[in-house]
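Respectively, the protein sequence lines represent chains E and Z. Just so we're aligned, residue 1274 is where the first sequence starts under our numbering, counting upward by one. Just so we're aligned, residue 1274 is where the second sequence starts under our numbering, counting upward by one. For every residue, glycine included, the Cβ atom is placed at its ideal position computed from N, Cα and C. Accompanying notes for the structure given below.
2 protein chains.
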Amino acid sequence: MRAPSTIAAVQADHYRIELPVPLSDATHGEMTHFDFVTARVRDSDGAEGLGYTYAVGGAGAAIHAHIVHDLAQVLEGADADRIEALWQRMWWQVHFAGRGGAVAFAIAAIDVALWDLKAKRAGLPLWRLLGGNDPAVPAYVGGIDLDVPIEQLLDSTQGHLERGFWAIKMKIGRPVLADDVARVAAMRELLGPERTLMADANMRWRVDEAVRAARALQEHELYWLEEPTLPEDVAGHARIQREGGLPIATGENFHSLAEFQAMIAGGGVSFPEPDLATCGGVTVWMKVAHLAEAHNLPVTSHGVHDLHVHLLAAVPNRSFLEVHGFGLERFMAEPLRIEAGYAHAPERPGHGVALDFAGLEVFRV
Amino acid sequence: MRAPSTIAAVQADHYRIELPVPLSDATHGEMTHFDFVTARVRDSDGAEGLGYTYAVGGAGAAIHAHIVHDLAQVLEGADADRIEALWQRMWWQVHFAGRGGAVAFAIAAIDVALWDLKAKRAGLPLWRLLGGNDPAVPAYVGGIDLDVPIEQLLDSTQGHLERGFWAIKMKIGRPVLADDVARVAAMRELLGPERTLMADANMRWRVDEAVRAARALQEHELYWLEEPTLPEDVAGHARIQREGGLPIATGENFHSLAEFQAMIAGGGVSFPEPDLATCGGVTVWMKVAHLAEAHNLPVTSHGVHDLHVHLLAAVPNRSFLEVHGFGLERFMAEPLRIEAGYAHAPERPGHGVALDFAGLEVFRV
């Protein structure tokens, strides 16, 4: 057995990165920046793991503070291989003011770094370490495009199709339902009957509105309807799915395994959508994937596709990878490549993401 | 109508306060300090509202960062009377990395300050502003005493009885159930059949263990069994209550209205126990109290008794006030007085707490 690896240092950095173009959706309004928090874990042999998380609407300073003031002390001097034990210690260290919120993001950044370190030391890409099911993962793309004119929506979709994508997600949740229906209809016409179309309402609706919208959209064969209402409302999701007649995707706003358990057991979701950067890291994401499998459900992802490609490649019940990274690829040496609508998990050790920290410096908070 | 009051400034301060004596319970291990974060909201007329929150196990820096970096910008220049609108704006500002965790504590501190300001400007004590049901609130006291010898537990209880208390809470969750049973039996013997005894397991047990413990403790007439297992497990709480035969209290680890809704609707709690400092403030606490009332349930409180006395005095379904404040009374001009086991909501405007900020200075982080 190789000698255990002891954690020597944890470094956290906080950046606020300007978006190339401002984005808007039904809930978050206009977004011009996002917070980006990195965690680097170095062991006593000088090996390093890299993790990161992100947030819109602030919270970056709080996430950074959790790592520096609450979590680093749990890690330093500990055995880096024992990620499950460290995860539990981090969770319970901040349990009283935790159980979700910013600390789930902080734990996520560290957990990703620990998995990266472990995979690097094992000489394996993360997807092989975690399960090694299938490195080719179907991917979908979409814009944060609720407020763009329909012509621009179709133009940009045409561009995605020319790049080889055959699965597209669009935003819905406009003030008038007929607008949503017209835009979905136009997208279905452009895509034809074979390609995959998802729609994301970003929690815009009450339950009755969501049922009405789902019924109105049914004829256009949506693959899933995402976040129709508030993430807390398990009974509401179950009702929307049952009465609306469309499969529901949700999970980007869940920050714990227990939230997925409640929604899955409550019959409110067909496509659980954990985001490792917001639900506590690789450790929690994998548990959600297995929980979904046990319930005969697929698992999809949200954001940070350079990391999620490994996790979806690891598990047998993987659905689509969301390709959406806020333009982070400009800071990466080898961003994920998508060919013919498939992402391929890389064979580099760890997750294989190397960030251009010098280039990020201008955005440091 | 008086002129609206505009928020001119929000000041947040972070202290880490040493406990007079270290505490321990079944989950948090030994605690030597707690984080204390204050929020002061000043309006354009120079009036000021004071709010505060606290945490064990860290998170103070993150809570402070949320106020300074994420929430203050939402408040400055806004109409201070419109607390509900401001609460919603704060919640949604940090929703992506929020929905609980540290931001619920940050919002709580601000929300308390806003209610204090509003009550002061109205010339009313908070309990009158909020409902004015009954200023005399039955109170219970207890130690964080899981690990103290039984003689010390009984001695300290004897002291509480001599101070006029007739309701006492003790910690349970020792490694051997027979120890818990013996300690509860000894406490019941000391208290006699008339006085009230609660027991708090601080999430120590699995569900099956909790059922077994509840059954073993039944003959000693516990008024409630608190936090028998993980706060996320609604079905588990319902099973413990049904099969264990003791009423359950829980809520100090819930950080949103939705968590109370799920537990109440799921039949897992008889004494909802919101803590305004950890569940989003007065605004959420009052909604939980009314939700409980609608379900024919009482409401109790956790911690910060100088604030909670107002809320319990406001509502018709109030159960006991927990008297437990980490020794904060040494920084207060007029700490709450308890007479014959009753706390009396003060008639001073606002919540009536004035903190000795000069005295706190030595603990500033």
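Tell me, please, whether the CB atom of residue i is closer than 7 Å to any CB atom in chain E?
| i | result |
| --- | --- |
| Gly1331 (chain Z) | yes |
| Val1561 (chain Z) | no |
| Ala1328 (chain Z) | yes |
| His1339 (chain Z) | yes |
If we call anything under 7 Å between Cβ atoms a contact, is residue i one with residue j?
| i | j | result |
| --- | --- | --- |
| Met1536 (chain E) | Thr1300 (chain E) | no |
| Ala1332 (chain E) | Ala1381 (chain E) | no |
| Val1310 (chain Z) | Ile1280 (chain Z) | no |
| Lys1444 (chain Z) | Met1471 (chain Z) | no |
| His1528 (chain Z) | Ala1377 (chain Z) | yes |
| Glu1718 (chain E) | Asp1548 (chain E) | The structure shown does not extend to residue 1718 (chain E), since chain E is modelled only from 1274 to 1638, so the question has no answer here. |
| Gln1366 (chain E) | Val1347 (chain E) | yes |
| Asp1308 (chain E) | Gly1623 (chain E) | no |
| Ala1587 (chain E) | Asn1406 (chain E) | yes |
| Ile1290 (chain Z) | Phe1636 (chain Z) | yes |
| Ala1440 (chain Z) | Phe1544 (chain Z) | no |
| His1563 (chain Z) | Ser1574 (chain Z) | no |
| Gly1625 (chain E) | Phe1604 (chain E) | no |
| Leu1585 (chain E) | Lys1560 (chain E) | no |
| His1583 (chain Z) | Ala1627 (chain Z) | no |
| Leu1402 (chain Z) | Ala1395 (chain Z) | yes |
| Thr1502 (chain E) | Val1480 (chain E) | yes |
| Ala1345 (chain Z) | Ala1370 (chain E) | no |
| Ile1383 (chain Z) | Gly1319 (chain Z) | no |
| Gly1614 (chain Z) | Phe1438 (chain Z) | yes |
| Gly1446 (chain Z) | Ala1474 (chain Z) | yes |
| Val1267 (chain E) | Gly1541 (chain E) | A question about residue 1267 (chain E) goes unanswered here, because the residues of chain E that appear run from 1274 up to 1638. |
What in chain Z is Cβ-close to residue i, meaning under 9 Å?
| i | result |
| --- | --- |
| Gln1284 (chain E) | Neighbours of Gln1284 (chain E) on chain Z: none; closest Cβ ~17 Å, over 9 Å. |
| His1624 (chain E) | Within 9 Å Cβ-Cβ: nothing; His1624 (chain E) doesn't reach chain Z, min ~22 Å. |
Using the beta-carbon of each residue, which ones in chain Z are nearer than 8 Å to residue i?
| i | result |
| --- | --- |
| His1306 (chain E) | The premise fails here: His1306 (chain E) is roughly 12 Å from chain Z at the closest Cβ pair, so nothing lies under 8 Å. |
| Asn1526 (chain E) | His1368, Phe1369 and Arg1372 |
Taking Cβ positions only, does residue i come closer than 7 Å to chain Z?
| i | result |
| --- | --- |
| Leu1367 (chain E) | Residue identity check: residue 1367 (chain E) is Val in the sequence provided, not Leu. At least one chain Z Cβ lies under 7 Å of Val1367 (chain E). |
| Asp1343 (chain E) | yes |
| Ala1531 (chain E) | yes |
What does residue i reach in chain Z if we use C-beta pairs closer than 7 Å?
| i | result |
| --- | --- |
| Ile1336 (chain E) | Ala1370 |
According to DSSP, which residues form a beta bridge with residue i?
| i | result |
| --- | --- |
| Leu1470 (chain Z) | Z:Ile1441 |
| Ile1423 (chain Z) | Note: Ile1423 (chain Z) sits in no beta bridge, so no partner. |
| Ser1297 (chain Z) | Z:Glu1303 and Z:Asp1418 |
| Ala1550 (chain Z) | In DSSP, Ala1550 (chain Z) forms no bridge with anything. |
| Met1605 (chain Z) | Z:Leu1628 |
| Phe1309 (chain Z) | Z:Tyr1288 and Z:Tyr1327 |
| Asp1579 (chain Z) | Its beta-bridge partners do not exist; DSSP assigns none. |
| Ala1409 (chain Z) | Z:His1617 |
| Glu1612 (chain E) | E:Tyr1615 |
| Val1596 (chain Z) | Z:Val1414 |
| Val1454 (chain Z) | DSSP output for Val1454 (chain Z) lists no bridge partner at all. |
| Asp1316 (chain E) | E:Ile1280 |
| Phe1544 (chain Z) | Z:Ala1522 |
| Leu1397 (chain E) | None, per the DSSP bridge assignment. |
| Gly1517 (chain Z) | Note: Gly1517 (chain Z) sits in no beta bridge, so no partner. |
Would you check whether the ligand PLP has a heavy atom nearer than 6 Å to the C-beta of residue i?
| i | result |
| --- | --- |
| Met1274 (chain E) | In the structure shown, the ligand PLP is absent, as is every other ligand, since no ligand is present at all. |
Residues of the segment 1495-1519 of chain Z in Cβ contact with chain E at a cutoff of 9 Å, in chain order, please.
Leu1503, Pro1504, Glu1505, Asp1506, Val1507 and Ala1508
Got a sec: which bits of the segment 1369-1391 of chain E sit with their beta carbon under 9 Å from any beta carbon on chain Z, in order along the chain?
Phe1369, Ala1370, Gly1371, Arg1372, Gly1373, Gly1374, Ala1375, Val1376, Ala1377, Phe1378 and Ala1379
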